[in-house]
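Peer 1: One structure is given below, represented as structure tokens, and several questions about it will come after.
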Amino acid sequence: MLRALLYKEWIKLRYAGWLAPAAILLGLGDAWLKLRGVRNNHGPVDLWNMLLFKQTIFFETLLLTLPLAGVWLAAVQYRPECAGRRLRLALHLPVPHRTALYAPAAVGLALLTLAGGLALGGFALILCGYGMPAELVAPIVRTALPALLAGHVAYLATAAALADTRMIRRCVIGCAGLAYALLLLKTYGYDAMTGSLGWYALASLPWILPLEAAALRLKEGA
Amino acid sequence: MSGTTMIECRGLRHDYGERPVLHGLDFTVEEGGVFGLLGRNGAGKSTTINILMGFLRPTGGQCSVLGAPSHALPPAVRADIGLLHEGFIQYDFMTIAELERFHAPFYPRWDSGVLREVVERLDLPMGRRLGRMSCGQRAQVVLGLIMAQNPRLMLLDDYSMGLDVGYRRQFIDMLRAYVRERGTTVLLTSHVVQELDRLVDRMVVLQRGRVAADCTRALFMETYRRYRLPLSEAVLRLVPDGIILDTDDDAEGVTLFAAAAPERMRSHLASLGIACDALTDVALTFEDAFVALTTARRLPA
Numbered sequence: 002m003l004r005a006l007l008y009k010e011w012i013k014l015r016y017a018g019w020l021a022p023a024a025i026l027l028g029l030g031d032a033w034l035k036l037r038g039v040r041n042n043h044g045p046v047d048l049w050n051m052l053l054f055k056q057t058i059f060f061e062t063l064l065l066t067l068p069l070a071g072v073w074l075a076a077v078q079y080r081p082e083c084a085g086r087r088l089r090l091a092l093h094l095p096v097p098h099r100t101a102l103y104a105p106a107a108v109g110l111a112l113l114t115l116a117g118g119l120a121l122g123g124f125a126l127i128l129c130g131y132g133m134p135a136e137l138v139a140p141i142v143r144t145a146l147p148a149l150l151a152g153h154v155a156y157l158a159t160a161a162a163l164a165d166t167r168m169i170r171r172c173v174i175g176c177a178g179l180a181y182a183l184l185l186l187k188t189y190g191y192d193a194m195t196g197s198l199g200w201y202a203l204a205s206l207p208w209i210l211p212l213e214a215a216a217l218r219l220k221e222g223a
Numbered sequence: 012m013s014g015t016t017m018i019e020c021r022g023l024r025h026d027y028g029e030r031p032v033l034h035g036l037d038f039t040v041e042e043g044g045v046f047g048l049l050g051r052n053g054a055g056k057s058t059t060i061n062i063l064m065g066f067l068r069p070t071g072g073q074c075s076v077l078g079a080p081s082h083a084l085p086p087a088v089r090a091d092i093g094l095l096h097e098g099f100i101q102y103d104f105m106t107i108a109e110l111e112r113f114h115a116p117f118y119p120r121w122d123s124g125v126l127r128e129v130v131e132r133l134d135l136p137m138g139r140r141l142g143r144m145s146c147g148q149r150a151q152v153v154l155g156l157i158m159a160q161n162p163r164l165m166l167l168d169d170y171s172m173g174l175d176v177g178y179r180r181q182f183i184d185m186l187r188a189y190v191r192e193r194g195t196t197v198l199l200t201s202h203v204v205q206e207l208d209r210l211v212d213r214m215v216v217l218q219r220g221r222v223a224a225d226c227t228r229a230l231f232m233e234t235y236r237r238y239r240l241p242l243s244e245a246v247l248r249l250v251p252d253g254i255i256l257d258t259d260d261d262a263e264g265v266t267l268f269a270a271a272a273p274e275r276m277r278s279h280l281a282s283l284g285i286a287c288d289a290l291t292d293v294a295l296t297f298e299d300a301f302v303a304l305t306t307a308r309r310l311p312a
């Protein structure tokens, strides 16, 4: 049965789902081009100066694509799942309700984590390619981790907003998700959130609840 | 019929905030045959079917489906129930073949042949996406998916929605043939009643959240009748009383809608002191009887 649930997610994601990793790849390409531009136009000293002393966030596009990928994946999976009260189909399947509800979320979050992980790996390789030492590469890459977390929050908020049946609640969930993701994206230097990232991750766990509540409301006819 | 109870509602109540919708419904659906849950708009049909489908928790009373409380059906029971959601809701981003591949593993008695027969009859390729079909084709494919589940009980919510008369009849014929062959129990609602007399064996008619009639179709047609009496002062004084459900007078006489076969009606009128020599029994179709009952001023006693 789990295979059947995964098969449904494959059908939903097989065409449009690729846009999310493609966008992350574009963000990665943008970071690479910016590094290349600084080195070619200003020289390696300016590049070092930018990274070591100014700690310029030159990979904003990459940071932004992670939550956008979360929104996109959730939309691709949950819009066809929830539009026109279709969530009722999933809730009537002869599997526990939570299995039917969270199988798409598990797939989407796993894909996002994989795409984000590969992007950060690629980012580290790009930085190493420019001869950066590991002591500099690691904090720069860690700077992108809150954005990956923001991607997960954006995914869950979008899924919950799509699953909900009332427009007002959709707006509230959407706005709260946006505020939370923006908070996670805000950074003034490299590795600024490393000490607190675990706490932020823990604080993000309740984002699963709006999805659960939306499904329960549909189930109970509220 | 084996007498196994498939659905049981006892004192079923529901309200939306301050507005009560169901006022203590009592009915049971036994195994086998087609059971109609009928009523006009706002009678409480949708609320009742939503409770039966497990998408609404009743505010009072009990409702069990295949022996389990309707609001907490375990997965094994859900595997025995085929649901047709209002508007033929289904994953319309999938093709027929994908829908079959997705659904089949959930249902141990899945019968591919039934679905393929429906698809062949419609002359559709298995690779056709559901979202690209007409409403009529979609309705039959969705019914085919439910029939392929081989469920013990089918709940069909407003199967006629959006279908023209031709597709409605095809749908009914397909369902009838399936029920006859497999003995599946079907509970259905529809806002179009004119074709239902070919389909339902037993029915509950709801009026303003109460059961107005709970009987077989044959008994319904036998019980609910329309009579004509010539005008007289005594006849004009007749009021709905539980046997006479409604009256309507015109220049030539009075029409009585009653829950009584002719003999009972005669004795009732006689007890009211009205001569019955000129009493005539006006033929009613199923739809006429349904409309008369659901618009009557009094419910049957």
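For the protein sequence lines, the chains are D and W, in the order given. Mapping to our numbering: the first sequence position 118 is 119, numbers consecutive. Mapping to our numbering: the second sequence position 111 is 122, numbers consecutive. Idealized CB from N, CA, C, for every residue including glycine.
Would you please state the rounded distance, in angstroms, between the beta carbons of R24 (chain W) and D37 (chain W)? I believe it to be under 8 Å.
Peer 2: Here residue 24 (chain W) refers to the residue found at position 13 of the second sequence. Here residue 37 (chain W) refers to the residue found at position 26 of the second sequence. With a Cβ gap of about 11 Å, R24 (chain W) and D37 (chain W) do not count as contacting.
Peer 1: Check for me: the alpha helix (DSSP H) holding D31 (chain D) runs from which residue to which?
Peer 2: Numbered from 1 along the first sequence, position 30 holds the residue referred to as residue 31 (chain D). L20 to H43 is the span of the alpha helix (DSSP H), which, as asked, contains D31 (chain D).
Peer 1: Return the residues of the stretch 3-31 of chain D that lie within a Cβ-Cβ distance of less than 8 Å from chain W, sorted by chain order.
Peer 2: Taking 8 Å as the Cβ-Cβ cut-off against chain W, the residues of the stretch 3-31 of chain D that qualify are R4, A5, Y8, K9, I12 and K13.
Peer 1: For the putative contact between A116 (chain D) and P22 (chain D), defined by C-beta atoms under 8 Å, what is the C-beta separation to the nearest angstrom?
Peer 2: Taking the first residue of the first sequence as 1, we reach residue 116 (chain D) at position 115. Taking the first residue of the first sequence as 1, we reach residue 22 (chain D) at position 21. About 4 Å separates the two Cβ atoms, so the contact holds.
Peer 1: Strictly below 7 Å CB to CB, what residues from chain D border L94 (chain W)?
Peer 2: As a first step, residue 94 (chain W) is located in the second sequence; it is residue number 83 there, counting from the start. Correct list: H93.
Peer 1: Where P287 (chain W) and M232 (chain W) are concerned, what is the direct C-alpha to C-alpha distance, given to the nearest angstrom?
Peer 2: Counting from one through the second sequence, the residue named residue 287 (chain W) turns up at place 276. Counting from one through the second sequence, the residue named residue 232 (chain W) turns up at place 221. The identity of residue 287 (chain W) in the sequence shown is Cys, whereas the question assumes Pro. The straight-line gap from Cα to Cα measures roughly 22 Å.
Peer 1: I want to verify the contact list: residues of chain W whose CB lies under 8 Å from the CB of V96 (chain D), in sequence order.
Peer 2: Position 95 of the first sequence, counting from 1, holds the residue named residue 96 (chain D). Simply P86 and F117.
Peer 1: Less than 8 Å between CB atoms is the rule here; does G118 (chain D) satisfy it with respect to chain W?
Peer 2: Stepping through the first sequence from its first residue, residue 118 (chain D) is reached at position 117. With 8 Å as the cut-off, G118 (chain D) does not count as an interface residue toward chain W.
Peer 1: Does V203 (chain W) come out as helix, strand or coil in the three-state DSSP assignment?
Peer 2: Here the question's residue 203 (chain W) lines up with position 192 in the second sequence. It is coil, neither helix nor strand.
Peer 1: Going by C-alpha distance, which of W:M17, W:T305, W:T59 and W:E19 is nearest V32 (chain W)?
Peer 2: The residue labelled residue 32 (chain W) in the question sits at position 21 within the second sequence. Out of W:M17, W:T305, W:T59 and W:E19, W:T59 has the C-alpha closest to the C-alpha of V32 (chain W).
Peer 1: According to DSSP, simplified to helix, strand and coil, what is L77 (chain W)?
Peer 2: Here residue 77 (chain W) refers to the residue found at position 66 of the second sequence. Residue state, collapsed to three classes: coil.
Peer 1: With the cut-off set at 8 Å, would you say L88 (chain D) and L219 (chain D) are in Cβ contact?
Peer 2: Walking along the first sequence from the start, residue 88 (chain D) turns up at place 87. Walking along the first sequence from the start, residue 219 (chain D) turns up at place 218. It is a contact, given that the beta carbons lie within the stated cut-off.
Peer 1: How would you write the range of the alpha helix (DSSP H) that V216 (chain W) sits in, first residue to last?
Peer 2: In the second sequence, counting from the first residue as 1, residue 216 (chain W) sits at position 205. Where V216 (chain W) is concerned, there is no enclosing alpha helix (DSSP H), although the beta strand (DSSP E) it sits in stretches over R213 to Q218.
Peer 1: Please list, in chain order, all residues of the same chain as N61 (chain W) whose beta carbon is under 7 Å from its beta carbon, the five residues on each side excluded.
Peer 2: Translated into positions along the second sequence, residue 61 (chain W) becomes position 50. Counting only Cβ-Cβ distances below 7 Å, and skipping sequence neighbours, we find L67.
Peer 1: Inspect the beta-carbon positions of L113 (chain D) and G71 (chain D) and report whether they are closer than 8 Å.
Peer 2: Here residue 113 (chain D) is taken as the residue at index 112 of the first sequence, counted from 1. Here residue 71 (chain D) is taken as the residue at index 70 of the first sequence, counted from 1. Contact flag set, yes.
Peer 1: Distance cutoff 8 Å, beta carbons only. Does N113 (chain W) sit that close to anything in chain D?
Peer 2: Position 102 of the second sequence holds residue 113 (chain W). The identity of residue 113 (chain W) in the sequence shown is Phe, whereas the question assumes Asn. So yes, F113 (chain W) belongs to the interface.
Peer 1: In this structure, how does DSSP classify E263 (chain W) when only helix, strand and coil are distinguished?
Peer 2: Taking the second sequence and counting its residues from 1, one reaches residue 263 (chain W) at position 252. Residue state, collapsed to three classes: coil.
Peer 1: Quick one: measure Cβ to Cβ for L95 (chain W) and V88 (chain W), integer angstroms, because I've assumed they're closer than 8 Å.
Peer 2: By 1-based counting over the second sequence, the position of residue 95 (chain W) is 84. By 1-based counting over the second sequence, the position of residue 88 (chain W) is 77. Contact flag wrong, Cβ pair sits at about 17 Å.
Peer 1: Buried or exposed for Y181 (chain D), please, with buried defined as at least 16 other CB atoms from any protein chain shown within 10 angstroms of its CB.
Peer 2: One-based indexing of the first sequence puts residue 181 (chain D) at position 180. By the 10 Å Cβ count, Y181 (chain D) comes out buried.
Peer 1: If you follow the alpha helix (DSSP H) that G66 (chain D) is in, where does it begin and where does it stop?
Peer 2: The count along the first sequence starts at 1 and reaches residue 66 (chain D) at position 65. According to the sequence as given, residue 66 (chain D) is Thr; it is not Gly. It spans E61 to C83 - the alpha helix (DSSP H) in which T66 (chain D) sits, taken as one unbroken run.
Peer 1: Report the residues of the stretch 63-82 of chain D with a CB closer than 7 Å to any CB of chain W, ordered along the chain.
Peer 2: Flagged, chain order: P81.
Peer 1: Please classify I169 (chain D) as buried or exposed, where buried requires at least 16 neighbouring CB atoms within 10 angstroms.
Peer 2: For the purposes of this step, residue 169 (chain D) is taken as the residue at position 168 of the first sequence. The residue in question, I169 (chain D), is exposed, as its Cβ has fewer than 16 Cβ neighbours within 10 Å.
Peer 1: In terms of alpha-carbon separation, which member of W:P241, W:V265 and W:S243 lies closest to P251 (chain W)?
Peer 2: Mapped onto the second sequence, residue 251 (chain W) falls at position 240. The residue with the shortest Cα to Cα distance from P251 (chain W) is W:V265.
Peer 1: Compare the C-beta of G130 (chain D) against all C-beta atoms of chain W and say whether one is closer than 8 Å.
Peer 2: Counted from its first residue, the first sequence places residue 130 (chain D) at position 129. With 8 Å as the cut-off, G130 (chain D) does not count as an interface residue toward chain W.
Peer 1: When you check each C-beta in the stretch 50-76 of chain W against every C-beta of chain D, which residues fall closer than 7 Å?
Peer 2: Residues N61, F66, L67 and R68.
Peer 1: Given that a residue counts as buried once 16 or more other Cβ atoms are within 10 Å of its Cβ, and exposed if not, what is S282 (chain W)?
Peer 2: Counted from its first residue, the second sequence places residue 282 (chain W) at position 271. That one is exposed.
Peer 1: Can you find a CB in chain W that lies within less than 8 Å of the CB of G85 (chain D)?
Peer 2: For the purposes of this step, residue 85 (chain D) is taken as residue 84 along the first sequence, with counting starting at 1. Yes, because at least one Cβ of chain W sits closer than 8 Å to the Cβ of G85 (chain D).
Peer 1: For L6 (chain D), which residues from the same chain have a beta carbon less than 6 Å from its beta carbon, with the 5 sequence-adjacent residues on both sides left out?
Peer 2: Counted from its first residue, the first sequence places residue 6 (chain D) at position 5. Counting only Cβ-Cβ distances below 6 Å, and skipping sequence neighbours, we find A104.
Peer 1: Looking at chain W, which residues of the stretch 199-223 of chain D have a Cβ within less than 8 Å of any of its Cβ atoms?
Peer 2: Per Cβ criterion, the list reads L219, K220, E221 and G222.
Peer 1: With L212 (chain D) and A164 (chain D) assumed to form a contact (beta carbons below 8 Å), what rounded beta-carbon distance in angstroms separates them?
Peer 2: Residue mapping note: residue 212 (chain D) aligns to position 211 of the first sequence, counting from 1. Residue mapping note: residue 164 (chain D) aligns to position 163 of the first sequence, counting from 1. The Cβ separation is near 6 Å, so the contact holds.
Peer 1: Determine which residues share a DSSP beta bridge with V293 (chain W) and list them.
Peer 2: By 1-based counting over the second sequence, the position of residue 293 (chain W) is 282. DSSP lists W:R237 as partners of V293 (chain W).
Peer 1: Apart from the five residues on each side of it in sequence, which residues of its chain come closer than 7 Å, Cβ to Cβ, to G138 (chain W)?
Peer 2: Residue numbering aside, residue 138 (chain W) sits at position 127 when the second sequence is read from its first letter. Correct list, in chain order: T106 and A108.
Peer 1: Measuring only the C-alpha atoms, how far is A10 (chain W) from D212 (chain W)?
Peer 2: Chain W is shown from 12 up to 312; residue 10 (chain W) falls before or after that span and cannot be answered.
Peer 1: Could you tell me the alpha carbon to alpha carbon distance between G30 (chain D) and R180 (chain W), rounded to whole angstroms?
Peer 2: As a working note, residue 30 (chain D) is residue 29 in the first sequence. As a working note, residue 180 (chain W) is residue 169 in the second sequence. Spanning the two alpha carbons is a distance of roughly 60 Å.
Peer 1: Give the residues of chain W in contact with L90 (chain D), contact being defined as C-beta atoms less than 9 Å apart.
Peer 2: What you label residue 90 (chain D) is simply residue 89 of the first sequence in a count that begins at 1. Near L90 (chain D) (Cβ distances below 9 Å), the residues of chain W are L94, H96, I100, Q101 and Y102.
Peer 1: What does a CB cutoff of less than 7 Å around G35 (chain W) pick up in its chain, not counting 5 residues either side in sequence?
Peer 2: Walking along the second sequence from the start, residue 35 (chain W) turns up at place 24. So the qualifying residues of the chain are G22, L23, R24 and G72.
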